[in-house]
Amino acid sequence: MTISVRKLTSRIGAEITGVDLSAPLDAETVAAIRQALNTHKAVVFDGADLDQQGQERVAGYFGDLTAAHPTVPPAEGSAAVLAVDSTQSKANQWHTDVTFVINPPAISTLRSITVPPYGGETLIADAAGAYRDLPPALRELADGLWAVHSNDYDYAVPPETLTEHQKAYNDTFTSTVFETAHPVVRVHPETEERGLFIGGFVRRLVGLSNTESRDILRLLQAYVTRPENILRWSWSPGQLLIFDNRITQHYAIDNYDDQPRRLERITVAGDVPVSISGTQSYVITGDSSHYSAVAESRAA
């Protein structure tokens, strides 16, 4: 195969062509895809046309698969697949997947199944670019901060506006509460890049009040979501998007009215995050061992 990697923006995102994902991949091809992912943080394959088993196979090239979710039941057909279905929930806030456990997924894969006729894009943000953009004084502050992440988080919409179905989904999501403390600045285990490891599951900063936490997090998050750091991906059916969950955030835009939108997500087990001083994250509440084994860190 002749692999071609085309940048989609200057900081994040690339489209990969010349790879037939429907067939088993050799080690050289997998290494090239992994290198592109390390460089661009998000890669997309058009016309992948995979089923659940095919998506599992492709995700498995990057490591052991997690369960679908720590609390939400899997999609029909596979214990590893989470349905990203607009009829259940719309994740229209910035977040990194499953950061409330001790070892959040390393890699997330999204396969498009039902795409609305307009809207429904996914935004992917470069958390390393955000860190590099920080002024030195803010960078020094962020380097020493730790954040408590929880699945019992502040939802993006007021509870009184939710339907009974949405309330039931949220109750399932928080049926077991997890809290984990992670460094605000995480060192990527393969590239050694530093990135802001925050997002929607953060409840507060360790050692600071809720008010102080909100103000500082709002300031840091504004750097993550600067337009220069964002890939805006418009979906077509049969595509596969792979992004590095260790150094990105993402946001599903709710701009498609009540049109159906369904993706399926499979995630790859990650390692325990490490701060710039080498200190690992720690659990406050909740045992997530049923969801994911801890992956060993890979050298660059």
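My numbering runs 1280 ahead of the 1-based position in the sequence shown.
By construction, the Cβ of each residue, glycine as well, lies at the ideal position given by its N, Cα and C atoms.
Quick caveat: nothing in here was measured; it's all calculated off a predicted structure.
- When only Cα atoms are considered, residue 1306 and residue 1389 end up about 19 Å apart.
- The three-state reading of DSSP puts residue 1560 in strand, counting E and B together.
- Looking at the DSSP output, residue 1529 shares a beta bridge with 1405.
- Straight-line measurement puts the Cα of residue 1547 at about 11 Å from the Cα of residue 1341.
- Within the model, the alpha-carbon separation for residue 1433 versus residue 1422 is close to 21 Å.
- For residue 1557 and residue 1424, the gap between their C-alpha atoms comes out near 9 Å.
- Excluding the 5 residues flanking it on each side, residue 1554 has same chain C-beta neighbours closer than 6 Å at 1467, 1560, in chain order.
- Of the candidates 1314, 1539, 1475, the residue whose Cα lies closest to the Cα of residue 1410 is 1475.
- Taking residue 1322 as reference, the option from 1303, 1482, 1522, 1399 with the minimal CA-CA separation is 1522.
- Put simply, the region 1372–1389 touches the region 1341–1353. At least three CB pairs are less than 8 Å apart.
- Of the candidates 1309, 1536, 1329, the residue whose Cα lies closest to the Cα of residue 1395 is 1536.
- Contact annotation: the region 1402–1419 touches the region 1500–1515, with at least three C-beta pairs closer than 8 Å.
- For residue 1293, the closest alpha carbon among the candidates 1542, 1530, 1567 is that of 1530.
- Assignment of residue 1486 by DSSP, reduced to helix, strand and coil, places it in the coil class.
- Under the three-state reduction of DSSP, residue 1447 is assigned to helix.
- By the CB criterion at 8 Å, residue 1461 and residue 1393 fall outside the cutoff.
- Residue range 1416–1423 is occupied by the alpha helix (DSSP H) that includes residue 1418.
- Cα atoms of residue 1497 and residue 1520: separation of roughly 31 Å, rounded to the nearest angstrom.
- Rounded to whole angstroms, the gap between the alpha carbons of residue 1338 and residue 1500 is 34 Å.
- Non-local C-beta neighbours of residue 1284 in its own chain, meaning closer than 8 Å and more than five positions away in sequence, comprise 1296, 1297, 1298, ordered along the chain.
- Counting along the chain, residue 1317 sits inside the alpha helix (DSSP H) bounded by residues 1307–1320.
- In the three-state DSSP reduction, residue 1452 falls in the helix class (H, G or I).
- Annotation note: the region 1465–1513 contains the following uninterrupted alpha helix (DSSP H) runs of length 4 or greater, listed N- to C-terminal: 1490–1504.
- Within the same chain, 1422, 1503 come within 7 Å of residue 1414 by CB-CB distance, once the 5 residues on both sides are set aside.
- Collapsing the DSSP output to three states places residue 1363 in a strand.
- Here the alpha carbons of residue 1359 and residue 1570 stand approximately 12 Å from one another.
- Note that the C-beta distance between residue 1345 and residue 1336 is below 8 Å.
- Counting C-beta atoms within 10 angstroms of its own C-beta, residue 1353 has fewer than 16 neighbours from the protein chains shown and is therefore classed as exposed.
- By DSSP's assignment, residue 1304 forms no beta bridge with any residue.
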